[in-house]
Amino acid sequence: MTTTTEHQAAIEDAAAAPQGLTRVPLSLTPLNRKEFISDQEVRWCPGCGDYAVLAAFQSLMPQLGLKRENTVIVSGIGCSSRFPYYLDTYGMHSIHGRAPSIATGLAMTRPDLAVWVVTGDGDALSIGGNHLIHALRRNVNITIMLFNNRIYGLTKGQYSPTSEEGKVTKSSPNGSIDHPFNPVALALGAEATFVARTVDSDRKHLTEVLTAAVNHRGASLVEIYQNCPIFNDGAFDGLKEQNSPALIPLRDGEPIIFGAQQHLGVARDHRTGSLEVVTVADVGEENLIVHDARSEDAAQALAIAQLTDSQALSSAPIGIFRDVDRPVYDDEARAQVTVPDANNRISELQRLVTGHDTWTV
Amino acid sequence: MTSTLHSLDRVVIRFAGDSGDGMQLTGDRFTADSAALGNDFATLPNFPAEIRAPQGTIAGVSSFQLHFADTDIRTPGDAPDVLVVMNPAALKANLPDLARGGTIIADATDFTKRNLTKVGYESNPLEDGTLEAYQVHALDLTGQTVAAVKDFGLGRKEASRAKNMYALGLLSWLYSRPLDRTIEFLDAKFDHLPQIRDANKAALKAGYDYGETTEGFAVRFEVKAAPLETGLYRQITGNKALAMGLMTGAAKAGLKLFLGAYPITPASDILHELSKVKNHGVMTFQAEDEIAAIGAALGASYGGNLGVTSTSGPGMALKSEFISLATMLELPLVICDVQRAGPSTGMPTKTEQADLQQALYGRHGEAPVPVLAAQSPGDCFTTAFEACRIALKYRTPVIVLTDGYLANGAEPWLVPDLEALPAIDPGFATEANGPDDTFLPYLRDANLARALAVPGTPGLEHRIGGIEKADGTGNISYAPANHELMVNLRQQKVAGIVRDIPDVVVDDPSGRADTLVVGWGSTWGPIAETARRVRLSGRDVAVAHVRHLNPLPGNLGDVLRAYRRVVVPEMNLGQFTSLLRSTYLVDARVYSRVRGLPISPAEFEPDLIDIVDGKDVR
């Protein structure tokens, strides 16, 4: 733990503030994890992946160094949307799918707040799909954590927009006929400027990705694969084995290599231009794709996202797919607005209300 | 030639033509000139929903009616005295409304065989005697316009576009109004297009000169200034006044104004107006849909700003879930519904009052929301300001109802003195209010308004949400008794606003009336005008108009019970009537007209006379 003096010094160093939140005031005293834990009893089911995300988040918060009162978490409806109740910051548990719209109004008017959106696959991709894509394409300065458990948990187990085809649930006894969304590909299609994927059980990776998301100024989407032990248990088990050949970790500036022996890689098929998983020994390491998250062109990030097997999850890239700079919506909106000096505000408004075309009776 | 000058007390003119003929602009300019001469006035623009409806068809007719007078008037008038028509479709669509003996000024150029056939005229009504009951001035308006502007190098089509200015010039001569203001307007509007500017000015003057030199018009008219309350006046439309009322509410509270909106007729002008005034601390957000528009406004309110959203009926339906959330969160929010004819798309450019029950009841759960209605274009300012006051003071969403008639209609408006308006204290919490330095977000003041701490306030971190909350702490609670308590507290808070609003005022000059006409919203003008006429017939009738629809004014029950007959004119099937009947157990009767147009005093007058005389009226 740092001392107060050291922390004070850190505040004076502008680089201390996460780059995405440069206008959010820093805490004058060092904060600890416990201060971010609210007095509410956490009521997720035992074994729920949400616990791991909550714990990682509560640990991350003090590291950001931001004032606790300047952090706001807005959620929609679903199991994960209970998240704000468990953090001793400001928070709003809103209505189904609409959290990005609330966060947009809040972020536009309050650059001094760190605004988080917590949502799920049903909340963000089904009922709230419209708000999600528009928040992303506008590039509002918010960080969206999308808990994807591939099921409707709160309503007790119907198939969701990320459930695989053929999934048998209470509302699909003959198997779901819905084709699943790939949230990362959807976000890239909306030209989101920061898109990442992580897994609930990998705390280190989760923390790294969330830290990068906060450092990004603009809209950040982080898809978190999250296990629902009650209605969709084991949905991500294939990805959770040590060095699983299904998990394709992305590291910016490095060739994409994975598998227990680092024997697999991703290369481009020179005839079709599409990406494919190859054996490194077959093609040579020099022919593997080098991941470039900072590329303006989202095409390669999208191609990598398409390596996700949204059906059986036999393969899924994780990490930061894209992290690029683009003008931020709320910064631009504020740049167009000027607030008159409090002393002149009414007189200036009086001039407007009176107008130019008056007559006296 | 010389012509006789006659004084008139009131005139109703209707300009009608194709959507692209510039009739709205012509009407606007004539209105501005009438205003400058001190006439009282009221206007009724009437245009098709299609931006470019097929030319020369009835569906494509756009009109603008202006009523100006030397006395206090409140409606755009019934039957026009003068009808200016630019083509056969405009004549066909509007002739049934023209008073017999009225004047028709027609652009004969466009009365071609093809145009006549298009709207079902077998022969030319300007020539075949159809219009014998009227004074017809058929002139080659397009031809004369083209001739007047020939020096400016425009093609015939472009040149003929100035014909609306020619018509305006002629009418300006006929009603003795100077051209200066319109010339100034053209100078400013076409500053960057000198050819067009000069052509329009030339057409305007040519029209005026035509009136002066032709033998056709033996009589000119003048309408003297109206004796209005003294002060500084301007012309204002409802949407503009509403936007200014919202700005004033925010300014008086020392807050920034945030509008979230999605384009919808006839409310879009509120978004346009507020998007122009970002130098006054106004932020606007054109959202991806109606839901996001109110969501962003609620987010802005949560952040300590004044969040506002504007829409019309279909958009209100989409916002319903969010209004319930705002009711549960108890956050300030103003929702403006510019009503139009429904249901569904209905008639987007036509007026109606059929969203009252949606505003009062259109939510899930017990979700009481204050509802206010504006009664005239200028009154939209007052009503919007009052809505801001209630929203901030009581931490509640407030619905403001206007309608298409108020939104686009204009009237002279006594410019308010903003310094004289009361300040609004948003009263945000800055300190702990509970035991052990805790913050209780649902601790209530004497008005039952909750403690409101905005994010960024140290030490008051807390969570709010749509789930039922425990009294005081705001923590999640499913306790049966707590839910009932909270349902009642939310209702009592809104009901308690009655202590903070004025009683309804009854206008019963003789004190002998036994019929009371009760209205709300934009029927104010037609009711007042009808009552004036009925009183002129020697009968007694009382009038009361209600601005606060939830809660209703404290004295309203006593007022209703004091009259033998209560009649409620509404542009719906009786929504307010039902409210009065169920609230007060009085035998209020609806006078219903649902045609997409304001209630006509000419039609209502004989019916009200029958009602006052004790006859049954449907």
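Here the protein sequences come in this chain order: A and B. First residue of the first sequence: 9, per our numbering; consecutive thereafter. First residue of the second sequence: 189, per our numbering; consecutive thereafter. We put the CB at the ideal spot given by N, CA and C, even for glycine.
Give the residues of chain A in contact with residue i, contact being defined as C-beta atoms less than 8 Å apart.
i         : result
B:Gly-503 : Ordered by position in chain A, no residue passes the 8 Å Cβ test against B:Gly-503, which lies about 14 Å from the chain.
B:Thr-645 : Glu-77
B:Phe-510 : Ile-103 and Arg-106
Please name the residue or residues paired with residue i in a DSSP beta bridge.
i         : result
B:Cys-568 : According to DSSP, which records beta bridges pairwise, B:Cys-568 is partnered with nothing at all.
B:Asn-303 : According to DSSP, which records beta bridges pairwise, B:Asn-303 is partnered with nothing at all.
B:Tyr-630 : B:Gly-660
B:Ser-251 : B:Ala-204 and B:Asn-234
B:His-736 : B:Leu-560
A:Arg-205 : A:Glu-231 and A:Gly-327
B:Trp-361 : None; B:Trp-361 has no bridge partner.
B:Glu-607 : In DSSP, B:Glu-607 forms no bridge with anything.
B:Arg-638 : B:Arg-632
B:Val-407 : B:Thr-192
So residue i contacts chain A; which residues on that side make the cut at Cβ distance below 7 Å?
i         : result
B:Glu-649 : Arg-76, Glu-77, Asp-96, Thr-97 and Tyr-98
B:Asp-477 : Asn-138
B:Asn-596 : By Cβ distance, chain A contributes nothing, its closest Cβ being about 18 Å from B:Asn-596, past 7 Å.
B:Glu-607 : Ile-354
B:Arg-422 : Thr-362, Gly-363, Asp-365 and Thr-366
B:Ala-223 : Trp-367
Can you have a look at residue i and say buried or exposed, based on whether 16 or more other CB atoms are within 10 angstroms of its CB?
i         : result
A:Asp-331 : buried
A:Glu-293 : exposed
B:Lys-464 : exposed
B:Ser-348 : buried
B:His-552 : exposed
B:Val-782 : exposed
B:Pro-668 : exposed
A:Lys-42  : exposed
B:Leu-193 : exposed
B:Leu-773 : exposed
From residue i to residue j, what does the alpha carbon distance come to, in whole angstroms?
i         : j         : result
B:Val-559 : A:Gln-344 : 33 Å
B:Asp-728 : B:Gly-592 : 31 Å
B:Phe-256 : B:Pro-714 : 15 Å
A:Ala-301 : A:Leu-194 : 16 Å
A:Ala-23  : B:Ser-498 : Any reading at A:Ala-23 must be qualified, since the residue scores a pLDDT of 45, below 50, and its modelled position is unreliable; the value itself is stated next. About 42 Å.
B:Ala-529 : A:Ser-83  : 36 Å
B:Gln-679 : B:Pro-556 : 6 Å
A:Gly-128 : B:Ala-441 : 37 Å
A:His-213 : A:Gly-327 : 8 Å
A:Ala-200 : A:Ile-312 : 15 Å
Could you tell me the boundaries of the beta strand (DSSP E) in which residue i lies?
i         : result
A:Tyr-233 : 228 to 233
B:Arg-753 : 753 to 758
A:Tyr-167 : From DSSP, A:Tyr-167 is part of no beta strand (DSSP E); its letter is neither H nor E.
A:Trp-367 : 366 to 368
B:Ala-776 : 776 to 780
A:Glu-284 : 283 to 287
B:Gln-527 : 521 to 527
B:Phe-218 : Element bounds for B:Phe-218: not the beta strand (DSSP E) but the alpha helix (DSSP H), 211 to 224.
A:Gly-84  : Note, A:Gly-84: premise wrong, no beta strand (DSSP E); not H, not E.
Just the chain A side, please: which residues come within less than 9 Å of residue i by C-beta, in chain order?
i         : result
B:His-255 : None at all; the shortest Cβ gap to chain A is about 18 Å.
B:Gly-442 : Ala-350 and Arg-353
B:Gly-419 : Thr-368 and Val-369
B:Met-535 : Per Cβ cutoff of 9 Å: no residues; B:Met-535 is ~27 Å from chain A at best.
Along the chain, where does the alpha helix (DSSP H) that runs through residue i open and close?
i         : result
A:Pro-70  : 57 to 72
B:Arg-769 : 763 to 772
B:His-380 : Segment: none, B:His-380 is in no alpha helix (DSSP H) and carries neither H nor E.
A:Met-116 : 107 to 117
A:Ile-312 : 307 to 313
B:Ala-505 : 501 to 517
If the cut is a Cβ gap below 9 Å, which residues of chain B does residue i touch?
i         : result
A:Gln-66  : In chain order: nothing, as chain B lies at least about 14 Å away.
A:Thr-372 : In the structure displayed, chain A extends from 9 to 369; residue 372 of chain A sits before or after that span and is not available.
A:Asp-131 : The contacting residues do not exist; A:Asp-131 stays about 13 Å from chain B at best.
A:Ile-265 : Under the 9 Å cutoff, chain B gives no residues; its nearest Cβ is about 40 Å from A:Ile-265.
For residue i, return the contacting residues in chain B, with the cut-off set at a CB-CB distance below 8 Å.
i        : result
A:Pro-92 : Arg-651 and Gly-653
Which bits of chain E does residue i rub up against, with CB to CB less than 8 Å?
i        : result
A:Thr-30 : Considering every chain present, this structure includes no chain E. Its protein chains are A and B.
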